[in-house]
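One structure is given below, encoded as structure tokens.
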Amino acid sequence: MDTNKTTVISFPMQKGGVGKTTTSRNVAGILSQNYKVLAIDNDQNADLTDTFTSKRIVEQTDQPTIYDIYINKSSINDVKMKITDNLDLVPANITLANVDVELSSKLSREFILKKAIAEVASEYDYVIIDCSPSLNITTINALVASDYTVYVTQLEYFSMQAINQLQKTVNLVKEINPTLKELGLILTMADDTNHVRDIKQELGESEYKLLGTINRATLVRDANMAKQAVFEFSKKHKVARQYQAFVDNLLSKMED
Numbered sequence: 000m001d002t003n004k005t006t007v008i009s010f011p012m013q014k015g016g017v018g019k020t021t022t023s024r025n026v027a028g029i030l031s032q033n034y035k036v037l038a039i040d041n042d043q044n045a046d047l048t049d050t051f052t053s054k055r056i057v058e059q060t061d062q063p064t065i066y067d068i069y070i071n072k073s074s075i076n077d078v079k080m081k082i083t084d085n086l087d088l089v090p091a092n093i094t095l096a097n098v099d100v101e102l103s104s105k106l107s108r109e110f111i112l113k114k115a116i117a118e119v120a121s122e123y124d125y126v127i128i129d130c131s132p133s134l135n136i137t138t139i140n141a142l143v144a145s146d147y148t149v150y151v152t153q154l155e156y157f158s159m160q161a162i163n164q165l166q167k168t169v170n171l172v173k174e175i176n177p178t179l180k181e182l183g184l185i186l187t188m189a190d191d192t193n194h195v196r197d198i199k200q201e202l203g204e205s206e207y208k209l210l211g212t213i214n215r216a217t218l219v220r221d222a223n224m225a226k227q228a229v230f231e232f233s234k235k236h237k238v239a240r241q242y243q244a245f246v247d248n249l250l251s252k253m254e255d
């Protein structure tokens, strides 16, 4: 990893409910303890926005969002919300759902987010992008803008199937972003069951590098409701330690 440039990491998954947004939130929070971080909510559900602030307030006010970057050519500096001294957020709302249609006839529409990030790159060490759980133009934009991508999956059959579909998308994006690297995957909502152990063994024999495992815990939901990362909500909790270990693995893998 080039320590002199901004590192962009996306968290895509072509299935909802697998802990993608919670992972993006916690990675951004942990990194912001030591680095300048920009978190980008690239999902029309705006759940990442809701883990930092209230997406209802964003929807009901004139707060600009990522939609304005895609459609109105707004700068990230005109859209971002300051969360802490080291952490800014590009929020989203439901209007993002219109982007596919509104950009359908635009040239170079896959590069909009990449260009927007490049304009503010000198201000951040890391950019974390929480993606939509579907294949659309915003997900393509995120992958085109990224240096690295990490797959987030729950330990169940349909989530594992979604990884295979996502892999096909990433391979296609590499045709226009050949430097995109897949770091591996993180397993979420894990239980200590034979099923989980079997899937872990299966993954160990696959091409995917396992970067972390996050246990199922009601504390994760409570932390999200409190607008906090897990380590802020309960620093000594097992899940807080698991997310820290995941980020440590992430940084180590990028240095390889």
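If you count the sequence shown from 1, position 12 lands on 11 in numbering that gives the first Met the number 0, and the numbers rise without skipping. Beta carbons are placed, not taken as given, at the ideal position from N, Cα and C, and that holds for glycine. The structure displayed is predicted, hence computed values, not measured ones.
Legend entry - Beta-carbon gap between Asp42 and Ser131 smaller than 8 Å: A contact, by the Cβ cut-off of 8 Å.
Legend entry - Cut-off 8 Å between Cβ atoms - residues of its own chain near Thr2, not counting five sequence neighbours on either side: Because Thr2 carries a pLDDT of 47, less than 50, the predicted location of this residue cannot be relied on, and no value is offered for it.
Legend entry - Residue interval of the alpha helix (DSSP H) (run including Glu254): Per DSSP, Glu254 belongs to the alpha helix (DSSP H) from 237-254.
Legend entry - Nonlocal neighbours in the same chain, by C-beta distance under 7 Å from Thr21, ignoring five residues either side: The residues Val219, Asn223, in chain order, have a CB closer than 7 Å to that of Thr21 in the same chain once the five nearest residues on each side in sequence are set aside.
Inset, instruction - Evaluate contact between the region 130-150 and the region 97-112, counting only Cβ atoms and requiring at least three cross-stretch pairs below 8 Å. - result: As far as the Cβ criterion goes, the region 130-150 touches the region 97-112, which means the pair count is three or higher.
Legend entry - Ile93 to Lys234 span [Cα, whole Å]: Approximately 33 Å between the Cα atoms of the pair.
Legend entry - Extent of the continuous alpha helix (DSSP H) run through Gln43: Unbroken run through Gln43: none, as it is neither H nor E.
Legend entry - Residues that Ser9 bridges to, as DSSP identifies them: Answer is Ile128, Thr148, bridged to Ser9.
Legend entry - 3-residue-minimum beta strand (DSSP E) runs that sit fully inside the region 33-86, ordered along the chain: Fully enclosed beta strand (DSSP E) runs of 3 or longer: 36-41, 80-83.
Legend entry - Collapsed DSSP secondary structure at Asn140 in the structure displayed: Asn140 carries a helical assignment under DSSP once its states are collapsed to helix, strand and coil.
Inset, instruction - Kindly indicate the opening and closing residues of the beta strand (DSSP E) around Lys180. - result: From DSSP, the beta strand (DSSP E) with Lys180 extends over 180-189.
Legend entry - Glu254 versus Pro11: straight-line alpha-carbon distance, rounded: Answer to the nearest angstrom: the Cα atoms are 21 Å apart.
Inset, instruction - Counting only the same chain and skipping the five closest in sequence on each side, list residues whose C-beta sits under 7 Å from that of Asn248. - result: Within the same chain, Asn248 has close Cβ partners Leu210, Gly211.
Inset, instruction - Assign Ala27 to one of two classes, buried (16 or more other C-beta atoms within 10 Å of its C-beta) or exposed (fewer than that). - result: Under this definition Ala27 is a buried residue.
Inset, instruction - Give a yes or no on whether the C-beta atoms belonging to Tyr123 and Lys35 are separated by under 8 Å. - result: It is a contact, given that the beta carbons lie within the stated cut-off.
Inset, instruction - Give the straight-line distance between the Cα atoms of Gln166 and Leu182, rounded to the nearest whole angstrom. - result: Straight through space, the alpha carbons of Leu182 and Gln166 are spaced by roughly 12 Å.
Inset, instruction - Pick helix, strand or coil for Lys19, following the three-state DSSP scheme. - result: Correct three-state label for Lys19: helix.
Inset, instruction - With DSSP as the reference, please indicate the residues paired to Gln153 in a beta bridge. - result: Secondary-structure assignment with DSSP links Gln153 through a beta bridge to Thr187.
Inset, instruction - Identify, in the order they occur along the chain, each residue of the same chain with its Cβ nearer than 6 Å to the Cβ of Ala216, setting aside the five sequence neighbours on each side. - result: Here the set comprises Val238.
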